[in-house]
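*Asks:*
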Amino acid sequence: MTAVSTTAPAAPPALGERRHLPRTDLLLLAVSIAGISLSAPLISATAAPALAIAFWRNGMSVAVLGPYALWRHRAELRGIPRRALLLAVAAGVLLALHFALWMPSLRMTSVASATALVTTTPLWTILLMRLFGVRAPRLVWLGTGLAFAGVLVLTGVDLAVSTRALLGDGLALAAGAAAAGYMLLGAEVRRTVSTTAYTLVCYATCALVLLALCLLTGVRMGGWSAGAWWQIFLLMVAAQLLGHSLSNRVVRTLGPSITSTAILLETPGAALIAAVWLGQWPPAAAYPAVGLILLGLVLVARAERR
């Protein structure tokens, strides 16, 4: 299975250290982004509650990865250090928070707006890394400023559309912040734990948290059409196993900033799919705002490669 690494991870560079970018991992990252780009349009098109979709995509992933992980990585799973285990569980909680915020936002604002705002993950990553004492180059801060300006413009555009759209923007922005924490914790765990072991612990935690949220809020967990179930299955394969799992695979070598910055490619991909498949075209005024966000994130990516 391409989403799973069967080798023990080598010790990666320290957080913030300059890195060479392996071509194989860059290719895997491209496949990951392609899978993630299908996520927003599929969620918008699936006739099921957003929280239930979030649970099932994670629950199905655990059902697929679990037997393999227990067969090939049983000893590693038993011997995961306490600190790494706690960090992996914390990453799963943040991933659940990301889904719980991000997926409902797609029902409140456009796919293009929600995707552009959730991909501000690199900006939150830079801010969190700064708290850990990692100094960012000036180009990173310039890119952050441009992207933040784009966020302000985009939310202003959506406020003119409706307050519901603005609330959706806020949820997507918060989902991006949760994803940044998930990325950083995952990068730390992957320094000593294999992709398979980390992914299983993280996804299982995420699924349990989402299940609890569904039960507490009375969300319906089934009874949908066969088409809805197939869409959830496709979402699991494309966005979860290929998307998030491959991101977990390459974050060890590429680092959290590069990995999260590449998510910016999800914005045009998801917007194009939503336009062609769902006929969902954002307001004309949103395009310059999305462009500012992407330009800012490109500057961040270039700075991180220096």
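If you want the numbering used here, it's the 1-based position in the sequence shown plus 1230. Every residue gets a Cβ at the ideal spot worked out from N, C-alpha and C, and that includes glycine. The structure displayed is predicted, hence computed values, not measured ones.
1) So the candidates are Leu1430, Trp1507 and Leu1440; which of them puts its Cα closest to the Cα of Leu1331?
2) Under a three-way DSSP split, which group does Gln1461 fall into?
3) Expressed to the nearest angstrom, what Euclidean distance is found between the alpha-carbon atoms of Asn1478 and Leu1472?
4) Okay, do the stretch 1319 to 1329 and the stretch 1411 to 1419 touch, 3+ Cβ pairs below 8 Å being the bar?
5) Straight-line CA distance for Ala1241 to Thr1422?
6) Give every residue of the same chain whose Cβ lies closer than 7 Å to the Cβ of Ser1335, excluding the five residues on either side of it in the sequence, and list them in chain order.
7) What is the DSSP secondary structure of Ala1290, counted as helix, strand or coil?
8) Take the Cβ of Thr1393 as the centre, count every other Cβ of all protein chains shown within 10 Å, and call the residue buried at 16 or more, exposed below.
9) Rounded to a whole number of angstroms, what is the C-alpha to C-alpha distance between Ile1523 and Ala1379?
10) If I follow the unbroken alpha helix (DSSP H) through Trp1371, where does it start and stop?
11) Taking DSSP as the reference, what is the three-state secondary structure of Trp1354?
12) Using the three-state DSSP reduction, which class does Ala1407 fall into: helix, strand or coil?
13) Output the boundary residues of the alpha helix (DSSP H) element that contains Met1333.
14) Given a cut-off of 7 Å, decide if Thr1435 and Val1292 are closer than it, judged by their beta-carbon atoms.
15) Could you spell out the range, first to last residue, of the alpha helix (DSSP H) harbouring Pro1580?
16) Given a threshold of 16 other Cβ atoms within 10 Å of its Cβ, counted over all protein chains shown, does Ala1504 qualify as buried or as exposed?
*Replies:* On the basis of the supplied data:
1) Of all alpha-carbon atoms in Leu1430, Trp1507 and Leu1440, the one lying nearest the alpha-carbon of Leu1331 is that of Leu1440.
2) Residue state for Gln1461 is assigned as helix, using DSSP reduced to three classes.
3) Going by the C-alpha atoms only, they are around 10 Å apart.
4) Verdict: yes, contact present.
5) Legend: pLDDT at Ala1241 = 45, less than 50; position of this residue unreliable, no value from coordinates given.
6) Excluding five sequence positions before and after Ser1335, the CB atoms of its chain that fall closer than 7 Å to its own CB belong to Ala1344, Gly1398, Leu1401, Ala1402 and Ala1405, given in chain order.
7) The residue you asked about is not Ala; residue 1290 is Met in the sequence shown. Met1290 sits in a helix when the DSSP states are folded into three classes.
8) Counting other Cβ atoms within 10 Å of its Cβ, Thr1393 stays below 16 and is therefore classed as exposed.
9) Taking C-alpha positions only, Ile1523 is separated from Ala1379 by approximately 8 Å.
10) In this chain, the alpha helix (DSSP H) harbouring Trp1371 covers Arg1368 to Val1391.
11) Assignment of Trp1354 by DSSP, reduced to helix, strand and coil, places it in the helix class.
12) The answer is helix: DSSP assigns Ala1407 an H, G or I state.
13) Boundaries of the alpha helix (DSSP H) harbouring Met1333: Arg1312 to Ser1335, taken from the DSSP string.
14) No, the pair does not count as a contact, with Cβ atoms beyond the cut-off.
15) Absent from the structure is residue 1580, since the part of the chain shown begins at 1231 and ends at 1536.
16) Result: buried.
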